[in-house]
Ligand code: GMT
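In our numbering, the protein residues as written are 578 to 954.
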């Protein structure tokens with residue numbers, strides 16, 4: 578098949594999933610065209626069957642807000658027409674699904690068609706899409722898509738609840754991991770013992786937006802730090818990074834908190850972690866938690882959104898009510914100070930991630946969806 582993929586190319590779970598999906602589809606012999614404003618961050622510069630089309634937004638003094646969604650629609654229309662794409666797969670509803678709808682309408686003027694598949698990832702439904710200024714266009718774009726998927730059961734149900742969405746069957750296709758890439762033993766320890774200095778490594782990876790509650794990450798760590806030698810590795814960057822730095826200083830643990838900034842390849846880092854913290858306010862899935870589990874890293878997270886579909890409480894990690902840093906710290910100390918418990922949880926995490934979220938299975942589900950949407954067996 579010839580498939581166009583549009584996503585946010587910068588750091589974030591939806592862009593990571595879209596890019597890994599495109600790479601896996603290309604490896605299965607499909608022709609994949611990424612259409613976005615920048616080369617997606619997880620996309621290597623050259624791969625067979627993979628093409629990148631940059632969306633350029635014309636500037637004009639009158640435009641206080643340059644219309645990216647229109648430039649994207651024009652590029653989608655051009656790429657479908659010139660390369661014979663059959664499917665446009667949009668990751669994150671706004672504005673991608675809307676632009677795809679415009680492109681499809683423009684194609685119909687010349688008796689051509691393309692199927693629009695939209696994958697809902699999270700705040701496109703739970704926050705942004707429900708804002709007054711975006712609600713009706715989000716609902717419209719979902720209903721006009723030829724197929725719609727959500728990355729968790731929670732997100733599917735939230736889509737029905739918030740938008741009603743008459744006539745749109747939202748199919749759940751979970752996010753996935755490459756079992757080979759996230760094999761713990763495959764990576765040399767990124768924190769040699771000289772650097773670790775006998776300390777347990779706690780890790781958090783995100784884009785440091787308010788929903789990630791990075792202050793809670795530091796609060797949990799500070800309690801663990803009182804109980805045992807530990808260091809916190811913060812990977813990523815975003816608006817709340819300064820808050821996290823302030824919290825670490827206020828709690829007197831800043832000397833043991835390392836901010837690494839944005840890093841493209843997280844598997845080698847995760848392979849050196851002892852515990853992953855994700856105390857988010859909302860999380861439709863929690864791809865970073867899944868990647869940690871796949872690397873055999875137990876996860877402590879808040880019991881919100883789709884996280885209970887990813888982390889099995891008491892088996893692969895622990896889930897606690899939003900903001901309950903005491904309970905999170907208690908379980909963190911318990912697992913980090915009990916090697917047998919850590920070993921059992923780590924083994925269960927790595928095997929559950931592979932059993933339920935293996936790339937080959939999930940990519941097969943997307944292929945089957947494209948075929949059904951195109952009406953081919
Ligand atoms: O919806 C967002 O906040 C953006 C998006 C992203 O690009 O990071 O994150 C969402 O999609 C990820 C991939 O499907 C999920 O793993 C994240 O849980 C989800 N984020 C939220 O729901 C806050």
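By construction, the Cβ of each residue, glycine as well, lies at the ideal position given by its N, Cα and C atoms.
Here the structure is a predicted model, which is why all the values come from computation and not from measurement.
Cβ atoms of residue j and residue i: under 8 Å apart, would you say?
i, j, result
"residue 664", "residue 744", "no"
"residue 824", "residue 789", "no"
"residue 928", "residue 703", "no"
"residue 902", "residue 875", "no"
"residue 864", "residue 674", "no"
"residue 840", "residue 812", "yes"
"residue 777", "residue 816", "no"
"residue 780", "residue 878", "no"
"residue 587", "residue 667", "no"
"residue 662", "residue 579", "yes"
"residue 758", "residue 844", "yes"
"residue 926", "residue 893", "yes"
"residue 729", "residue 883", "yes"
"residue 591", "residue 698", "yes"
"residue 950", "residue 724", "yes"
Could you please give me the residues that DSSP links to residue i through a beta bridge?
i, result
"residue 727", "697, 749"
"residue 583", "667"
"residue 782", "812"
"residue 744", "None; residue 744 has no bridge partner."
"residue 692", "664"
"residue 620", "None; residue 620 has no bridge partner."
"residue 754", "935"
"residue 894", "876, 890"
Assuming residue i contacts residue j (C-beta within less than 8 Å), just tell me the rounded distance between them.
i, j, result
"residue 693", "residue 670", "Not really, about 11 Å apart at Cβ, beyond 8 Å."
"residue 931", "residue 871", "7 Å"
"residue 700", "residue 740", "Rounded, the Cβ-Cβ distance is 14 Å, inconsistent with contact."
"residue 891", "residue 923", "Not really, about 14 Å apart at Cβ, beyond 8 Å."
"residue 767", "residue 846", "5 Å"
"residue 899", "residue 885", "The Cβ separation is near 13 Å, so there is no contact."
"residue 801", "residue 909", "5 Å"
"residue 617", "residue 595", "7 Å"
"residue 810", "residue 786", "19 Å between Cβ atoms; not a contact."
Which residues in the same chain as residue i place their Cβ atom closer than 8 Å to its Cβ, once the five residues preceding and following it in sequence are excluded?
i, result
"residue 936", "597, 601, 753, 754, 755, 756"
"residue 645", "614, 632, 634, 672"
By Cβ distance below 6 Å, which residues in the same chain neighbour residue i in space, the five residues on each side in sequence not counted?
i, result
"residue 733", "727, 747, 749"
"residue 831", "825"
"residue 858", "788, 790"
"residue 650", "676, 679, 680"
"residue 783", "789, 813"
Taking only three categories from DSSP, how would you classify residue i?
i, result
"residue 842", "coil"
"residue 628", "strand"
"residue 716", "helix"
"residue 608", "strand"
"residue 776", "coil"
"residue 880", "coil"
"residue 704", "coil"
"residue 931", "helix"
"residue 613", "strand"
"residue 834", "strand"
"residue 660", "helix"
"residue 807", "strand"
"residue 854", "strand"
"residue 654", "helix"
"residue 764", "coil"
"residue 915", "coil"
"residue 885", "helix"
What does a CB cutoff of less than 7 Å around residue i pick up in its chain, not counting 5 residues either side in sequence?
i, result
"residue 799", "828, 830"
"residue 654", "680, 683, 684"
"residue 652", "612, 630, 632"
"residue 942", "750"
"residue 917", "none"
"residue 599", "582, 609, 611, 627"
"residue 712", "706"
"residue 731", "861, 882, 883, 886"
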